[in-house]
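Residue numbers (this note's numbering), protein chains in the order written: chain A, 1 to 100; chain B, 1001 to 1200.
Every residue, glycine too, gets a C-beta built ideally from N, C-alpha and C.
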Amino acid sequence: MEYEKHSEHKHHHVGYGTLILVWVALIALTSITVTVAGISLGVYTLFVALVIAAIKSSLVINIFMHIKFDEPIFKVFLLVSGFTLMIIFLLTFFDFIYRG
Amino acid sequence: MSQNSHAAAAETHGHVHRDDIGSKMGMWLFLFTELLLFGGMFLIYAVYRYQYPDQFHIAAMELNTGVGTLNTIILLTSSLTVALSIAALQRKNKFLSIVLLVITIVLAFAFMVNKYFEWGAKFEHGIYPGSEELLNKPNGEILFFGLYFVMTGLHGLHVVIGIIFLSIILAFIKLENSGLYWHLVDLIWIFLFPLFYLIQ
Chain A
1 MEYEKHSEHK HHHVGYGTLI LVWVALIALT SITVTVAGIS LGVYTLFVAL VIAAIKSSLV
61 INIFMHIKFD EPIFKVFLLV SGFTLMIIFL LTFFDFIYRG
Chain B
1001 MSQNSHAAAA ETHGHVHRDD IGSKMGMWLF LFTELLLFGG MFLIYAVYRY QYPDQFHIAA
1061 MELNTGVGTL NTIILLTSSL TVALSIAALQ RKNKFLSIVL LVITIVLAFA FMVNKYFEWG
1121 AKFEHGIYPG SEELLNKPNG EILFFGLYFV MTGLHGLHVV IGIIFLSIIL AFIKLENSGL
1181 YWHLVDLIWI FLFPLFYLIQ
């Protein structure tokens, strides 16, 4: 439980205020995404929803999950797994769309 | 390891080997396997939505946006309380940390209660996997509801596991990794919500 002494100096502690601010932003983005869904934007509806979801997850990952303040190796992990998932999506869609 | 025995060990040995980065790394690696698990399902969703855009829209109209929005707010708030709980722990405020953890668990239960009523309403309308009502619908709608039940069901299972995880933490206090797990549950919901509840 106690934050170990020998590596404590490396830990960046996020303040209560920052966390609450991020939560306010997340709730605001949620109300934006709900409102936008009610307006017909045609093909852009899905795009806007996904961009907002991406912004929300980057807030959660960076601040709540502390990635922004962690050692760089965790960012590398995240990039590698995100990139892998992206490749799986791209290859599947190439296959699906260009199938005869 | 409990706090007391830990503190006692630290006193007697003066130096305790702890690899917190390694522990966190293990947790993140596990979370990436989860990402691929849900990622595969989002992929199936993407392909079928691409194939049946209109039927996905019609089927999504049946979902209750209000309940979805409420559950989004509940889950985001629980993500905040677990992050605050860790922040309190880092400031050695054990009492506040425990209070925030209890609030997180209560919010998680609230999420599941909403989910129960939401699914219950679907069942009453005869919409559940393999039901006659559902199987008479066109393919795209069957797929939409199939994915809806599997994906929100698997997510709900993660919420339940998260509740168990967080409860164990209340007793043994090794908060950070289950905090990460709880944020993952939130992250998945951030994508599930617009993709299922907000198609107009």
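query                                                                                                                              : result
Residue 106/A, DSSP secondary structure in three states                                                                            : Residue 106/A cannot be examined here, being either before or after the span of chain A that is shown, 1 to 100.
Through-space distance from residue 1193/B to residue 67/A, alpha-carbon basis                                                     : 24 Å
CB-CB length for residue 63/A against residue 19/A, believed under 8 Å                                                             : 7 Å
Residues of its chain near residue 1068/B, where Cβ-Cβ distance is below 6 Å and the 5 sequence neighbours each way are ignored    : 1193 and 1197
The segment 1138–1151 of chain B touching the segment 1038–1054 of chain B, judged by at least three CB pairs closer than 8 Å      : yes
Chain-ordered residues of the segment 1084–1095 of chain B with a beta carbon less than 9 Å from chain A                           : 1084, 1086, 1087, 1088, 1089, 1090, 1091, 1092 and 1094
Neighbouring residues, chain B, relative to residue 35/A (Cβ below 9 Å)                                                            : Result: empty, since nearest Cβ-Cβ is about 10 Å, beyond 9 Å.
Among 1124/B, 1065/B, 1034/B and 1158/B, nearest to residue 33/A - alpha-carbon criterion                                          : 1065/B
Beta-carbon contacts of residue 85/A that lie in its chain and below 6 Å, excluding the five residues immediately before and after : none
Length of the line joining the Cα atoms of residue 95/A and residue 37/A                                                           : 30 Å
Coarse secondary structure for residue 1194/B, derived from DSSP in three states                                                   : helix
Short CB-CB distance (under 8 Å) between residue 14/A and chain B                                                                  : yes
Residue-level contact to chain E via CB, residue 1104/B, 8 Å cutoff                                                                : Absence of chain E from the displayed structure is noted, the protein chains being A and B.
Cβ neighbours of residue 1189/B in the same chain (closer than 7 Å, five flanking residues each side left out)                     : 1072, 1075 and 1155
Proximity test, Cβ basis, 8 Å: residue 1077/B and chain A                                                                          : yes
First through last residue of the alpha helix (DSSP H) which encompasses residue 71/A                                              : Careful: residue 71/A lies outside any alpha helix (DSSP H) and carries neither H nor E.
Beta-carbon spacing of residue 1182/B, residue 1153/B below 8 Å                                                                    : no
Length of the line joining the Cα atoms of residue 1041/B and residue 1053/B                                                       : 17 Å
Residue-level contact to chain B via CB, residue 76/A, 8 Å cutoff                                                                  : no
Local Cβ density within 10 Å of residue 1148/B, reported as buried at 16 or more and exposed below that                            : buried
Min CB distance residue 1008/B to chain A below 8 Å                                                                                : In this prediction, residue 1008/B scores a pLDDT of 46, lower than 50, which makes its location untrustworthy; the coordinate-derived value is nonetheless stated afterwards. For residue 1008/B, the answer is no, since every Cβ of chain A falls outside 8 Å of its Cβ.
Proximal residues to residue 29/A (C-beta, below 7 Å), its chain only, five neighbours per side dropped                            : 52, 55 and 56
Interface flag, residue 1119/B vs chain A, CB-CB below 8 Å                                                                         : no
Cβ contact check for the segment 1105–1123 of chain B and the segment 1023–1032 of chain B: 3 or more pairs under 8 Å              : no
Boundaries (first-last residue) of the alpha helix (DSSP H) holding residue 1045/B                                                 : 1020–1051
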